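Below is one structure, written out as structure tokens; comments come after it.
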Amino acid sequence: MSDIDSLNSLEAEILASVGAASDEAALEAVRVAALGKKGSVSEKMKTLGGMDPEQRKTVGPALNALRDRVAAAIAEKKTALADAALEARLAAETLDVSLPVRESPLETGRIHPVSQVTDELVAIFSAMGFSVAEGPDIETDDLNFTKLNFPVGHPAREMHDTFFLPEKENGERLLLRTHTSPVQIRTMQSQEPPIRVICPGRTYRFDMDQTHTPMFHQVEGLVIDRGAHLGHLKWVLEEFLKTFFEVPSVELRFRPSFFPFTEPSMEVDVRCRKLPNEIRIGEGDDWLEILGCGMVHPNVLRNCGLDPDVWQGFAWGIGIDRIAMLKYGMPDLRDLFGADARWLSHYGFRALDFPTLAGGLSS
Ligand code: DAH
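See the structure below:
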């Protein structure tokens, strides 16, 4: 074999090992075996000294060129191996940002929809300058009925509608309040007007079917001021319903009605579209009764020591459970109080999702 042929086969052999090196350690071994002090190329270099000048003239430059090509091939392979290693690491360490965050056991508790909706009501009305007033669940007959101008003999005063506590020695019968309206009386008796309050809370009636439970929730609204009138009432209700149902506009229909504690009294319907499994507020051709309201009756003002010739006011009452069901699509009222953890984990709200007008009511 000529000198040049043997150099060619040496080069082919080394380049094949370079190509086959699968990591940096293997490549380094190939480099040492070829270009290291005792490597195959270095050994060849050492033979140059013993060659005659003619032979050295051809073999010398060929060998130098071979060494440079081998060194270049090794350097190139080294870069390729480093790139591949980086690629592999990036692929292995990819973060899937679309994976749902697994909740820690401490965060799996849920806020009940009634609590959430009550917080929504407080957020909406506090932005309109209302404060929150509360009263006891166990109420006197006087505050639940008499001061609210319920005539003697009104059916709500009967045993079959109301839960009464055992009669006291003095003949007084306490009861579970049948509405949040007694908190109106408590507020007017304890605060100087002007008054702007909402009174959310539990209420009780002797009733049980798909849309009635013996315990339920109402929110009462009360405004007392010198010039308060029906126009204000209408605006407050429109603003409230629009904000609560998170729709750009609502259309309300006021129908004459009767409550002992308001005159005139009205029931309010909101325009909606009734779909098989959903009611959409603010669109469509149907109407849905949503609340009762009116101008506070002069007798009620007088019963609270306010002069009806100076002060007037308006009030309204809404079922919190009912608007929660409408907004969040819960079909059966009884489920709200069934204490079923599966129901709550489906319909409940995350603990830190408190509603604010700025942050989005039901984000
Ligand atoms: N208290 C009424 C009820 O339980 C609701 C209500 C209607 C409250 C009209 C009001 C009102 O303040 O003005 O059915």
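The numbers in the numbering used here rise by one with no breaks, and the one at position 183 of the sequence shown is 183.
Glycine residues also receive a C-beta, built at the ideal position from the N, C-alpha and C atoms.
In this text the structure is predicted, and so the values were computed from the model without any measurement.
Supposed close pair residue i, residue j - CB separation, criterion 8 Å
| i | j | result |
| --- | --- | --- |
| Glu289 | Arg273 | The pair is not a contact, with the Cβ atoms about 15 Å apart (cut-off 8 Å). |
| Arg173 | Leu143 | That belief does not hold up - the Cβ atoms of Arg173 and Leu143 are roughly 13 Å apart, past 8 Å. |
| Ala351 | Ile111 | 6 Å |
| Leu233 | Gln184 | The pair is not a contact, with the Cβ atoms about 14 Å apart (cut-off 8 Å). |
| Phe314 | Leu230 | 7 Å |
From the options, residue whose alpha carbon lies closest to that of residue i
| i | options | result |
| --- | --- | --- |
| Ala12 | Glu278, Ala228, Asp96, Arg69 | Arg69 |
| Pro264 | Ala133, Glu246, Leu237, Cys293 | Cys293 |
| Pro136 | Ile195, Gly359, Arg177 | Arg177 |
| Asp5 | Ser17, Thr58, Asp23 | Thr58 |
| Ile74 | Asp23, Ile224, Pro61 | Asp23 |
| Pro200 | Thr118, Pro53, Asp141, Arg56 | Thr118 |
| Ala133 | Glu158, Asn170, Asp141, Ser181 | Ser181 |
| Pro276 | Arg67, Leu252, Gln312, Pro331 | Pro331 |
| Phe364 | Glu167, Arg322, Leu291 | With the chain covering only 1 through 363, there is no way to say anything about residue 364. |
| Trp311 | Pro193, Gly171, Glu251, Met128 | Pro193 |
| Glu107 | Gly348, Ala358, Gly359, Gly360 | Gly348 |
| Leu344 | Ala65, Ala84, Gln116 | Gln116 |
| Glu158 | Glu169, Lys168, Leu175, Lys242 | Leu175 |
| Ser9 | Met51, Leu63, Ser126 | Leu63 |
| Val114 | Gln218, Asp285, Ala85 | Gln218 |
| His179 | Lys46, Asp3, Ala156, Ala82 | Ala156 |
| Asp3 | Ala25, Val18, Met51, Val197 | Met51 |
| Gly360 | Phe244, Leu326, Leu291 | Phe244 |
Inter-residue Cα distance where the pair is residue i and residue j
| i | j | result |
| --- | --- | --- |
| Ser362 | Asp353 | 8 Å |
| Thr146 | Thr356 | 38 Å |
| Leu15 | Arg31 | 10 Å |
| Ala123 | Ser131 | 10 Å |
| Glu120 | Leu306 | 31 Å |
| Ala29 | Ala20 | 12 Å |
| Glu139 | Glu246 | 35 Å |
| Leu95 | Ala341 | 33 Å |
| Ala228 | His346 | 42 Å |
| Asp309 | Arg226 | 9 Å |
| Val270 | His212 | 21 Å |
| Pro256 | Val268 | 9 Å |
| Glu251 | Asn170 | 50 Å |
| Pro61 | Leu27 | 25 Å |
| Met128 | Ile195 | 12 Å |
| Gly153 | Leu237 | 32 Å |
| Ser126 | Glu220 | 14 Å |
| Val41 | Leu86 | 31 Å |
| Gln55 | Arg67 | 18 Å |
| Gln191 | Ile224 | 11 Å |
| Asp7 | Ala72 | In the sequence as displayed, the identity of residue 7 is Leu instead of Asp. Rounded to whole angstroms, Leu7 to Ala72 spans 17 Å at the Cα level. |
| Glu239 | Leu148 | 27 Å |
| Ala358 | Ile279 | 26 Å |
| Pro248 | Ile281 | 10 Å |
| Gln189 | Asn303 | 9 Å |
| Glu43 | Pro53 | 19 Å |
| Lys242 | Asp285 | 17 Å |
| Val18 | Gly49 | 28 Å |
| His327 | Ala84 | According to the sequence displayed, residue 327 carries Lys and not His. Their Cα atoms are separated by approximately 55 Å. |
Self-check item: Unbroken stretches of the alpha helix (DSSP H), 4 residues or longer, contained in the region 272-359
Solution: Every unbroken stretch of the alpha helix (DSSP H) spanning 4 or more residues and falling wholly within the region 272-359 is given here in chain order: 298-303, 320-328, 341-347.
Quiz prompt | the region 34-48 in contact with the region 78-97 per 3-pair CB rule at 8 Å | solution = Fewer than three Cβ pairs drawn from the region 34-48 and the region 78-97 lie within less than 8 Å of each other, which leaves the two stretches out of contact.
Quiz item: Is the region 290-301 close to the region 256-263, with three or more CB pairs under 8 Å?
Solution: Touching, yes, given that three or more Cβ pairs across the two stretches are closer than 8 Å.
Quiz item: Pairing CB atoms from the region 96-110 with CB atoms from the region 328-337, are three or more of them under 8 Å?
Solution: No: fewer than three Cβ pairs fall under 8 Å.
Quiz item: With a cut-off of 8 Å, do at least 3 Cβ pairs link the region 149-162 to the region 194-214?
Solution: Verdict: yes, contact present.
Exercise. Tell me, please, whether the region 311-327 touches the region 69-83 by the rule of three or more beta-carbon pairs shorter than 8 Å.
Key: Pairwise C-beta distances place the region 311-327 out of contact with the region 69-83, as fewer than three of them are shorter than 8 Å.
Practice problem: Kindly provide the ranges of any alpha helix (DSSP H) runs that are 4 or more residues long and lie completely inside the region 74-146, ordered along the chain. | Solution: List check, alpha helix (DSSP H) in window: 113-127, 141-144.
Quiz item: At what residue ranges does the region 171-213 contain a whole run of the alpha helix (DSSP H), taking only runs of 4 or more?
Solution: Note on the region 171-213: whole alpha helix (DSSP H) runs with a minimum of 4 residues are 182-190, in chain order.
Exercise. Kindly provide the ranges of any alpha helix (DSSP H) runs that are 4 or more residues long and lie completely inside the region 216-251, ordered along the chain.
Key: Runs of alpha helix (DSSP H) with 4 or more residues, each lying fully within the region 216-251, are found at 230-245, listed in chain order.
Practice problem: Tell me the start and end of each unbroken alpha helix (DSSP H) in the region 16-75 that is at least 4 residues and wholly inside, in chain order. | Solution: Counting only unbroken stretches of 4 or more residues, the alpha helix (DSSP H) elements lying wholly within the region 16-75 are 24-35, 40-47, in sequence order.
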